[in-house]
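Numbering (UniProt numbering), first residue to last: 1 to 336.
Cβ atoms here follow ideal geometry from the backbone N, Cα and C, with glycine treated the same way.
Since the structure comes first, as structure tokens, the remarks are kept for the end.
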């Protein structure tokens, strides 16, 4: 298992050189296949694994605590991975065994015999990821307050991360980038055209998109850039750790959690960077924003992908029925 995982990781990294895979995708595949090897048993023979063995690994992963944050709790009370992480891990393992079958490492692909269901993996289905309007406003309001607060003089200048943390939350919740797009952003990717501030986002498949920024986000961005210039850093990266290095993907969740801790408990709900991407899509679509415009903001190549990002919002059906087009508005509906 260990040798197969290492060989697969080398193949995946080679694909990034040719552009067949994005570096962030290769990183996920590599991490997941090594996790699979550890959970399955690094010394086991790959071709000996059965569907039952893979089922057991999927269950072990489901209950494996996420070291980046406090793990959610499954139906049986056992700390577990999120439903999104479980689905991602299963996709990575499936890709690994597809390659293993083609390369002749295994005679039969054990994924074809996998029977474990999402319910068995912990009773978890992907819960609604988008924040409600109240929850989103609570998070964004807290981020704006954090950005405008006086610097904590008890900290060294390079350890004051309030502006950076606020900017991260505002960009994630209003523009909805992938976390890899956020951490890859450089200062030079932000520009002004005809008075409007844009972010040139380098997305999947080598595609780029220029997304205009809301004025409230621009103010925080400018304040952060001014603070960053005062530190005289050499890296082009926009988001820096307190050590002056490009912020890592795994650090972004910790930033969100720190800002969430300041939100009023009545408006607070745990959320991931991907959940904030869902929040952007859901609220833009709920506000009747053109679907193709939302697609371009998120960087999707196909409109059909938006369906997976559109979550239900409390009260939206009631609001729709109050202004039913066949009844001519709320007053006409009441008269009938």
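State yes or no: is the C-beta of residue i within less than 8 Å of the C-beta of residue j?
| i | j | result |
| --- | --- | --- |
| residue 167 | residue 218 | no |
| residue 277 | residue 247 | no |
| residue 187 | residue 163 | no |
| residue 235 | residue 243 | no |
| residue 342 | residue 46 | Residue 342 is absent from the model: the chain starts at 1 and stops at 336. |
| residue 231 | residue 213 | no |
| residue 262 | residue 171 | no |
| residue 249 | residue 183 | yes |
| residue 256 | residue 169 | yes |
| residue 216 | residue 98 | no |
| residue 366 | residue 268 | This structure cannot speak to residue 366, because the chain is shown only from 1 to 336. |
Between which two residues does the alpha helix (DSSP H) holding residue i run?
| i | result |
| --- | --- |
| residue 23 | 23–40 |
| residue 111 | From DSSP, residue 111 is part of no alpha helix (DSSP H); its letter is neither H nor E. |
| residue 183 | 179–184 |
| residue 192 | Premise fails: residue 192 lies in the beta strand (DSSP E), 190–193, not in any alpha helix (DSSP H). |
| residue 221 | 215–231 |
| residue 300 | Taken as a continuous stretch (DSSP letters only), residue 300 belongs to no alpha helix (DSSP H), as it is neither H nor E. |
| residue 234 | Residue 234 -> no alpha helix (DSSP H), and no H or E assigned at all. |
| residue 53 | 51–62 |
| residue 141 | 133–148 |
| residue 91 | 83–103 |
| residue 7 | 2–18 |
| residue 260 | 249–260 |
Within 10 Å of its beta-carbon, does residue i have 16 or more other beta-carbons around it, so buried, or fewer, so exposed?
| i | result |
| --- | --- |
| residue 50 | exposed |
| residue 181 | buried |
| residue 54 | buried |
| residue 108 | exposed |
| residue 265 | exposed |
| residue 110 | buried |
| residue 86 | buried |
| residue 10 | exposed |
| residue 17 | exposed |
| residue 179 | buried |
| residue 12 | buried |
| residue 229 | exposed |
| residue 129 | buried |
| residue 19 | exposed |
| residue 282 | buried |
Could one say the Cβ of residue i lies closer than 8 Å to chain C's Cβ atoms, at least one of them?
| i | result |
| --- | --- |
| residue 272 | Protein chain content of the structure displayed is limited to a single chain, and chain C is not contained in it. |
Can you tell me where the beta strand (DSSP E) with residue i in it begins and where it stops?
| i | result |
| --- | --- |
| residue 282 | No beta strand (DSSP E) contains residue 282, which is instead part of the alpha helix (DSSP H) from 273–286. |
| residue 211 | 208–212 |
| residue 160 | Where residue 160 is concerned, there is no enclosing beta strand (DSSP E), given that its DSSP letter is neither H nor E. |
| residue 200 | 196–202 |
Between the Cα of residue i and those of the options, spot the shortest distance and give me the residue it belongs to.
| i | options | result |
| --- | --- | --- |
| residue 291 | 299, 303, 283 | 303 |
| residue 274 | 82, 33, 133, 60 | 82 |
| residue 161 | 12, 114, 238, 192 | 238 |
| residue 177 | 204, 32, 100 | 204 |
| residue 22 | 210, 279, 206 | 206 |
| residue 209 | 261, 270, 295, 61 | 295 |
| residue 253 | 270, 233, 8, 263 | 270 |
| residue 287 | 133, 169, 25, 192 | 133 |
| residue 100 | 48, 255, 251, 150 | 48 |
| residue 131 | 272, 192, 102, 241 | 272 |
| residue 56 | 289, 42, 28, 115 | 115 |
By Cβ distance, which residues of its chain are closer than 7 Å to residue i, with the 5 residues on each side in sequence left out?
| i | result |
| --- | --- |
| residue 44 | 1 |
| residue 173 | 136, 139, 140, 276, 279, 280 |
| residue 121 | Note that residue 121 has pLDDT 48, beneath the 50 cutoff, so the model's placement of it is unreliable and the number below is only indicative. Closer than 7 Å at the Cβ level, and outside the excluded window around residue 121, lie 58, 59, 62, 86. |
| residue 33 | 5, 8, 9, 92, 96 |
| residue 113 | 50, 51 |
| residue 26 | 12, 13, 15, 16 |
| residue 149 | 162 |
| residue 223 | 147, 163 |
Taking 8 Å as the limit between beta carbons, can you name the residues of its chain near residue i, skipping five residues before and five after?
| i | result |
| --- | --- |
| residue 37 | 1, 2, 4, 5 |
| residue 189 | 199, 200, 201, 202, 238 |
| residue 94 | 111 |
| residue 258 | 165 |
| residue 192 | 198 |
| residue 241 | 247, 248, 251 |
Given residue i, which residues of its chain have a CB within under 6 Å of its CB, disregarding the five upstream and five downstream residues?
| i | result |
| --- | --- |
| residue 185 | 238 |
| residue 336 | Caution is warranted here: a pLDDT of 43 is assigned to residue 336, below 50, making its placement in the model unreliable, and the coordinate value is therefore given only provisionally. Counting only Cβ-Cβ distances below 6 Å, and skipping sequence neighbours, we find nothing. |
| residue 30 | 9, 12 |
| residue 89 | 32, 61 |
| residue 24 | 180 |
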